[in-house]
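Following: one structure in structure tokens, then a few remarks.
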Amino acid sequence: MEKIRSLYNTWHFRRRQKQHRLALGQLTPDEAVVQLTGAGHMPLASVWGNENKTTIHIPPDDAGHLLLVAPPDSGYGEQLGQILIHWPDAALVIDPAGTLYRQTGYYREMTWGKVFAVPGYRFNLARYYPFWDAEAARRLHSFLISSISKDEVWLRERSVSLLHALGLYSFAHRLNPLQLLLDAASADLLSVLAALAAVPAARQLALIFTKGQSARQALADPDVVRSFDLFCRALAPYQRLYPTLAMEASEALLPHDWMTQPRSLYVTYPYAQQLALAGFTAALIEGVRQYHHTYGRFQQLLLVLPTDMAQHLPPLEQMLTEASAYGITVVLTAPSLAALDALAADGNGAALAGRFAHQVWYPPHDQATAAHMSWHYGTRLQSSNGLLDEAESNEKAALAPEMFLGWPREQVLVYTRRERPYRFIANQVKRPADLPERPAPIPPKIVTTPRNSSAWLSGLIGLPYLLPGTEQLSASGTPVHEPGDEETAVVNGQTSVVQDIALASPAVDGESARTKPDIEGEEETSLKKSYPPNASKFR
Numbered sequence: 007m008e009k010i011r012s013l014y015n016t017w018h019f020r021r022r023q024k025q026h027r028l029a030l031g032q033l034t035p036d037e038a039v040v041q042l043t044g045a046g047h048m049p050l051a052s053v054w055g056n057e058n059k060t061t062i063h064i065p066p067d068d069a070g071h072l073l074l075v076a077p078p079d080s081g082y083g084e085q086l087g088q089i090l091i092h093w094p095d096a097a098l099v100i101d102p103a104g105t106l107y108r109q110t111g112y113y114r115e116m117t118w119g120k121v122f123a124v125p126g127y128r129f130n131l132a133r134y135y136p137f138w139d140a141e142a143a144r145r146l147h148s149f150l151i152s153s154i155s156k157d158e159v160w161l162r163e164r165s166v167s168l169l170h171a172l173g174l175y176s177f178a179h180r181l182n183p184l185q186l187l188l189d190a191a192s193a194d195l196l197s198v199l200a201a202l203a204a205v206p207a208a209r210q211l212a213l214i215f216t217k218g219q220s221a222r223q224a225l226a227d228p229d230v231v232r233s234f235d236l237f238c239r240a241l242a243p244y245q246r247l248y249p250t251l252a253m254e255a256s257e258a259l260l261p262h263d264w265m266t267q268p269r270s271l272y273v274t275y276p277y278a279q280q281l282a283l284a285g286f287t288a289a290l291i292e293g294v295r296q297y298h299h300t301y302g303r304f305q306q307l308l309l310v311l312p313t314d315m316a317q318h319l320p321p322l323e324q325m326l327t328e329a330s331a332y333g334i335t336v337v338l339t340a341p342s343l344a345a346l347d348a349l350a351a352d353g354n355g356a357a358l359a360g361r362f363a364h365q366v367w368y369p370p371h372d373q374a375t376a377a378h379m380s381w382h383y384g385t386r387l388q389s390s391n392g393l394l395d396e397a398e399s400n401e402k403a404a405l406a407p408e409m410f411l412g413w414p415r416e417q418v419l420v421y422t423r424r425e426r427p428y429r430f431i432a433n434q435v436k437r438p439a440d441l442p443e444r445p446a447p448i449p450p451k452i453v454t455t456p457r458n459s460s461a462w463l464s465g466l467i468g469l470p471y472l473l474p475g476t477e478q479l480s481a482s483g484t485p486v487h488e489p490g491d492e493e494t495a496v497v498n499g500q501t502s503v504v505q506d507i508a509l510a511s512p513a514v515d516g517e518s519a520r521t522k523p524d525i526e527g528e529e530e531t532s533l534k535k536s537y538p539p540n541a542s543k544f545r
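Shown next, in the form of structure tokens:
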């Protein structure tokens, strides 16, 4: 009788254990094959069930995002490669090492559509940020001009009007906006202010930048000089991109609407350059995303994004919500839970991970990630005598953190949300052994010409090197008066009627902008001195 009672208690306990496991969504390999097998474009993991190897996919109609938490040496790139090979729509891939481009570029171009790579193709960032518009200028400024310390945040905000003014200047003169921006960052402050004075709308914004001061006063204002210095230092890493910033249509130019067709863009700057060019890359990602929101017609777009680049984008929680609404699927890769903590707005990486409907956790290298995986997988009922008197006291972690730290390289923990959440242990997705390697598509050759960073200042010959209606500095640094309307200034054998400048100047102190005080007794040599030599760069 005791034996029968013992068998019954054991059977009852095992049944309660299974009920508890299924209530938490924990699946065995065989159960995962039965419950989750189906067609899809994004493989999650491989499962051995019923003596056959089956790949579990995300359903094609699923709008959830995918999180891969994997140390750098865990081989998660093979899973990303299989996702890219099978993804049938447009894809934007941030690939710092260029590995995914080399492994999947050929197959994506042969199977789905044209493949672009940056660097390799030229691009026109102004198509996403027409920064002669105030809002576009502010958004572009937030990416490109980053403050070094908290003390420089207010200096950073001061240069928004300067960037907006340069956008208006490029629009008025039909110049390449981004190249003009880099040219201005390599020029001196006096030349930049003088050039902006020629465009009335840009002149008003330049006055905002200088706090309404004359050029002479602005050069003596430490706030203006420091703000311009920060502006130049922030744009200095992007000077190397000057040859790749183009406007004219050619086979070497990345189409701004490339994502409206099943085409692919790989951003393959090396790790060191990726960090230096993070602002430009983030601006490109956000520009593509916003363009897709407006003109994408809810077509699917895959975004493969590492956490170190996601830190330079708007809050990820907001981006994930917007992406789901517009057909963008985000695949976020993180090396550990600590990287998610740094990325989360509130510092809670576990809560951020909960926003992903599908998660694959590779064998961790740190205790914090292992502890979270142990919590994520759930508990199991355990009893020393086979009886279940106190359920709460018998719930223990199904897998201790130390077990995850000792996992073999091939195993992964998978979390997927279907009609309900499921958790199971599986194997990594591997590249098929019979899949041949093919060279990635070769971008077109870019023919570059020597850069003339002062070409946009050529119109300043014979013009005052400061804002209209303000004092000028002579060659000796002393203030001089401006010539009259009908007088001309002779500089290097060229003449320039100062009246042309007066026409572009607003009224000052109640006077008409067309009137200027006459100069009595000024010699031609004094007029020559009114145009200072090349000023040194205030950095």
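At position 348 of the sequence shown (counting the first as 1) the number is 354 in my numbering, and the numbers step up by one without a gap.
By construction, the Cβ of each residue, glycine as well, lies at the ideal position given by its N, Cα and C atoms.
Across which residues does DSSP place residue i in a beta bridge pair?
i: MET379; result: Note: MET379 sits in no beta bridge, so no partner.
i: SER270; result: ALA97 and VAL121
i: ASN433; result: SER52 and GLN417
i: ILE3; result: Because residue 3 is not part of the residues shown, which for the chain are 7 to 545, the question remains open.
i: PHE286; result: DSSP, once it has assigned bridges, lists no residue as partnering PHE286.
i: LEU251; result: PHE129
i: THR422; result: HIS364 and TYR428
i: LEU259; result: ARG128
i: LEU338; result: LEU73 and LEU311
i: GLN32; result: ARG429
Counting along the chain, where does the beta strand (DSSP E) carrying residue i start and finish?
i: GLY173; result: Where GLY173 is concerned, there is no enclosing beta strand (DSSP E), although the alpha helix (DSSP H) it sits in stretches over 166-179.
i: ARG386; result: 385-387
i: GLN365; result: 364-367
i: THR216; result: That residue, THR216, is in no beta strand (DSSP E); it is neither H nor E in DSSP.
i: LEU307; result: 307-312
i: LEU73; result: 72-75
In the DSSP assignment, find the alpha helix (DSSP H) that holds residue i and state where it starts and stops.
i: PHE149; result: 140-150
i: ASN458; result: Counting along the chain, ASN458 falls outside any alpha helix (DSSP H), and DSSP gives it neither H nor E.
i: VAL205; result: No alpha helix (DSSP H) contains VAL205, which DSSP labels as neither H nor E.
i: GLU328; result: 322-331
i: GLU37; result: 35-42
i: ILE452; result: First-last for ILE452: undefined, no H or E at that position.
i: ALA240; result: 228-241
i: LEU405; result: Premise fails: LEU405 is in no alpha helix (DSSP H) and is neither H nor E.
i: ASN182; result: ASN182 -> no alpha helix (DSSP H), and no H or E assigned at all.
i: ALA439; result: No alpha helix (DSSP H) holds ALA439; DSSP gives it neither H nor E.
i: ASP347; result: 343-349
i: ALA356; result: 355-359
i: HIS92; result: 83-92
Nearest to residue i by alpha carbon, out of the options?
i: SER155; options: GLY353, LEU236, MET325 and MET265; result: LEU236
i: GLY87; options: VAL273, MET48, GLU163 and VAL231; result: MET48
i: TRP264; options: ALA284, PRO249, THR287 and GLN305; result: GLN305
i: PRO445; options: ARG128, ARG108 and ALA96; result: ARG108
i: ASN400; options: THR60, ALA200 and PHE19; result: PHE19
i: GLN434; options: SER52, SER12 and ARG11; result: SER52
i: ALA191; options: ARG437, CYS238 and ARG415; result: CYS238
i: ALA432; options: ALA45, ASN58, ARG21 and TYR127; result: ASN58
i: HIS26; options: LYS436, ALA403 and LYS451; result: ALA403
i: GLY126; options: GLY293, MET325, SER380 and THR274; result: THR274
i: SER80; options: SER459, GLY70 and HIS371; result: HIS371
i: ALA376; options: THR16, VAL75 and PRO66; result: VAL75
i: MET315; options: GLY333, LEU307 and GLN279; result: GLN279
i: PRO276; options: PRO268, THR287 and THR266; result: THR287
i: PRO77; options: ALA359, PRO312 and TRP54; result: PRO312
i: PRO450; options: ASP227, ARG128, SER459 and ALA350; result: ARG128
i: PRO65; options: ALA45, TRP54 and TYR82; result: ALA45
i: ASP189; options: GLY293, ALA29, LEU172 and LEU260; result: LEU172
i: LEU28; options: VAL337, LEU387, ASP440 and THR454; result: LEU387
i: SER380; options: LEU271, VAL418, LEU72 and ALA178; result: VAL418
i: GLY353; options: PRO369, THR454, LEU259 and LEU322; result: LEU322
i: ALA69; options: THR454, TYR368, ALA340 and LEU326; result: LEU326
Do we get a CB-CB distance below 8 Å when we pair residue i with the residues of chain B?
i: PHE234; result: Of the protein chains in this structure there is only one, and it is not chain B.
For the putative contact between residue i and residue j, defined by C-beta atoms under 8 Å, what is the C-beta separation to the nearest angstrom?
i: ASN130; j: ALA252; result: 6 Å
i: VAL166; j: ARG180; result: That belief does not hold up - the Cβ atoms of VAL166 and ARG180 are roughly 23 Å apart, past 8 Å.
i: GLU115; j: VAL124; result: Actually they do not touch by this definition, with Cβ atoms about 16 Å apart.
i: ALA240; j: SER152; result: 6 Å
i: GLY119; j: ARG269; result: 4 Å
i: LEU358; j: ILE334; result: Actually they do not touch by this definition, with Cβ atoms about 17 Å apart.
- Item | Cβ contact (3+ pairs, closer than 8 Å) linking the region 39-56 and the region 398-408 | no
- Message: Any contact between the region 339-358 and the region 132-146? By contact I mean 3 or more CB pairs, one from each, below 8 Å.
- Response: no
- Message: Does the structure place the region 87-107 close enough to the region 212-231 that three or more beta carbon pairs sit under 8 Å?
- Response: no
- Message: With a threshold of 8 Å, are at least 3 pairs of Cβ atoms found where one atom belongs to the region 359-367 and the other to the region 408-428?
- Response: The region 359-367 vs the region 408-428: in contact.
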